[in-house]
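Quick notes on the structure that follows.
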Amino acid sequence: MFRTINSPKQTALLAIALTAGAGLAGQTLRAQNKPDSSKWESEIKAFEAADKTNPPPHGAALFIGSSSIRQWKTLAEDFQEYKVINRGFGGSQIIDSVAFADRIVIPYTPRMILVYAGDNDIAAGRSPEQVLADFKAFTRKVCPRLSETKVAFISIKPSPSRWEFAEKIKAANRLIEDFCKQDERLIYIDVFNPMLGADGKPRPELFVEDMLHLNHKGYALWTAMIRPRLKK
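Sequence positions in the sequence shown follow our numbering and run 55 to 286.
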């Protein structure tokens, strides 16, 4: 049986309870959406061990981010005229690169940092605004300590397997592109639109069987989009 709330006091108490409940639910959702960067610790330690054995060059182009970077096996070959470092790890999100910047970004003093991440973030439930906030956090972490370094954001790619998130991906890309226009050290590289076919959907010939990760044609397209920006 439902009880009727008549008094102002009861109404006020109910309002407080509902507000508190909504706040708790929001905190819980944010906690669920925030990744646990510690799960990549073994990969980061492997990078650090490799750095001790074979120190990477200073002044290189540093590629960092998720598996689309990690699986770019021809990166050095594709940009053979430049010194490049590949520090892609796991299925990471932008905030993971923030967490490990002190260990696998800043020590290299790169001339340019090229960041690719965002689709894992969106798929995990982070909003376009959160993705922007995470990229801003990355720039706040590295730019003051690497004042001569440019930071390029490779736009979140479209993929057949995650096309359901297309509108959120487009929104995140727009937010980050607008943010990059505010600082001459920031660069936005659009790979989203070149990866679409005449039907406005992702071109399947650019992907491996999982329709998420790139094949050699996909990386060739990325190379063509990125190379002109490296020359600057």
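Note that beta-carbon positions come from the ideal geometry of N, C-alpha and C, so glycine has one too.
Distance, residue 143 Cα to residue 103 Cα:
A direct Cα-to-Cα measurement between residue 103 and residue 143 gives close to 15 Å.
Out of curiosity, what's the CA-to-CA distance linking residue 173 and residue 106?
32 Å
Whole-angstrom Cβ separation of residue 214 and residue 246, contact assumed at under 8 Å?
The Cβ separation is near 14 Å, so there is no contact.
Round the Cβ separation of residue 127 and residue 111 to the nearest angstrom and send it over; I've been treating them as touching at under 8 Å.
That pair is no contact at about 19 Å.
Compute the distance between the beta-carbons of residue 235 and residue 182, then report whether it is under 7 Å.
no
Tell me the DSSP secondary structure of residue 269 in three-state form.
coil
How far does the alpha helix (DSSP H) with residue 141 in it reach, from first residue to last?
Where residue 141 is concerned, there is no enclosing alpha helix (DSSP H), although the beta strand (DSSP E) it sits in stretches over 138–142.
Measure the alpha-carbon distance for residue 157 versus residue 225 and round it to whole angstroms.
30 Å
So, under 8 Å CB-CB, residue 275 and residue 248 are touching, yes? Tell me the CB distance rounded to an integer number of Å.
6 Å
Note the first and the last residue of the continuous alpha helix (DSSP H) segment covering residue 149.
148–153
In its own chain, which residues sit with a C-beta less than 8 Å from the C-beta of residue 281, not counting the 5 before and 5 after it?
133
Output yes or no for whether 7 Å exceeds the beta carbon distance between residue 149 and residue 188.
yes
For residue 115, which of helix, strand or coil comes out of DSSP?
strand
Give the straight-line distance between the Cα atoms of residue 279 and residue 216, rounded to the nearest whole angstrom.
22 Å
Please confirm whether residue 115 and residue 284 have their CB atoms less than 7 Å apart.
Yes, Cβ-Cβ distance for residue 115 and residue 284 is below 7 Å.
Can you list, in chain order, the stretches of the alpha helix (DSSP H) that have 4 or more residues and sit fully within the segment 168–248?
173–177, 182–196, 220–234
Here's the rule I'm using: 16 or more other beta-carbon atoms within 10 Å means buried, otherwise exposed. How should residue 152 be labelled?
That one is buried.
Straight-line Cα distance separating residue 118 from residue 194:
Just so you know, the alpha carbons of residue 194 and residue 118 end up roughly 16 Å apart.
Neighbourhood of residue 185 by C-beta, 6 Å cutoff - its chain only, sequence neighbours within 5 removed
172, 175, 226
Among 201, 220, 250, 146, the one whose alpha carbon lies nearest that of residue 98
146
Using the beta-carbon count (16 or more within 10 Å), is residue 179 buried or exposed?
exposed
Thinking C-beta only, is residue 243 closer than 7 Å to residue 208?
Contact flag set, yes.
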